[in-house]
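**Student:** Take 16 as the starting number for the sequence shown in my numbering and just add one per residue.
Provided herewith is a single structure, encoded as structure tokens, for subsequent inquiry.
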Amino acid sequence: MAQVYDHWMAFDFGTQRIGIAVGQRITGKATPIEPIKARDGIPNWEQLGKIIEEWKPQAFLTGLPLNMDGTPSDLSRRANKFANRLEGRFHRPSFTHDERLTSYEAKGIVIEMGGNRNFGENSVDGIAAQLILESFLTQYQSEQSE
């Protein structure tokens, strides 16, 4: 990645909901925002466009749910397609990042914060997107300092 992007929007792709987080390269921190509903992995593009217009990210990052052995899954292929569509529709660069176990980690965070185990009510999608983005930014910063 030759270009440096400061403002990011990350996505935890899902077939029913898509988690979203926004973050900054400089701080390496991200914040979850309200997830959007999806119908078989397809978001309401108009609604997503409004969110993008509000937050004005310079680049997108979509988590790739790879199998534990690192091979692509059906869902990771769909997430990749979503990432490509983001770039095509909103004319910003779109990247992907390994997201294995982020949803599991996000559920642990919700429980630690006192949420119950009904993850339909306590959506972990935004927190998963936050973890994806923070992991990516940490990796990116360490590569830049080498």
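Quick reminder that beta carbons are idealized off the backbone N, C-alpha and C, glycines included.
If you're wondering where the values come from, they're calculated on a predicted model, not measured in any experiment.
Tell me whether phenylalanine 75 sits in a helix, a strand or coil according to DSSP, three-state version.
**Tutor:** Three-state result, phenylalanine 75: strand.
**Student:** Enumerated in chain order, which unbroken segments of the beta strand (DSSP E) with a length of 3 residues or greater are wholly contained in the segment 33-80?
**Tutor:** 45-54 and 74-79, all fully within the segment 33-80.
**Student:** From the DSSP output, which residues share a beta bridge with histidine 22?
**Tutor:** In the DSSP output, where bridge partners are listed per residue, histidine 22 has Gln39.
**Student:** List the endpoints of the continuous alpha helix (DSSP H) containing serine 91.
**Tutor:** Per DSSP, serine 91 belongs to the alpha helix (DSSP H) from 89-105.
**Student:** By how many angstroms is the C-alpha of alanine 36 removed from the C-alpha of arginine 100?
**Tutor:** In a straight line, the C-alpha of arginine 100 is about 18 Å away from that of alanine 36.
**Student:** How many angstroms separate the CA atom of glycine 34 from the CA atom of aspartate 113?
**Tutor:** Approximately 15 Å between the Cα atoms of the pair.
**Student:** Can you name, in chain order, every residue of its own chain whose Cβ lies under 8 Å from the Cβ of threonine 46, other than the five neighbours on each side?
**Tutor:** Counting only Cβ-Cβ distances below 8 Å, and skipping sequence neighbours, we find Ala36, Val37, Gly38 and Gln145.
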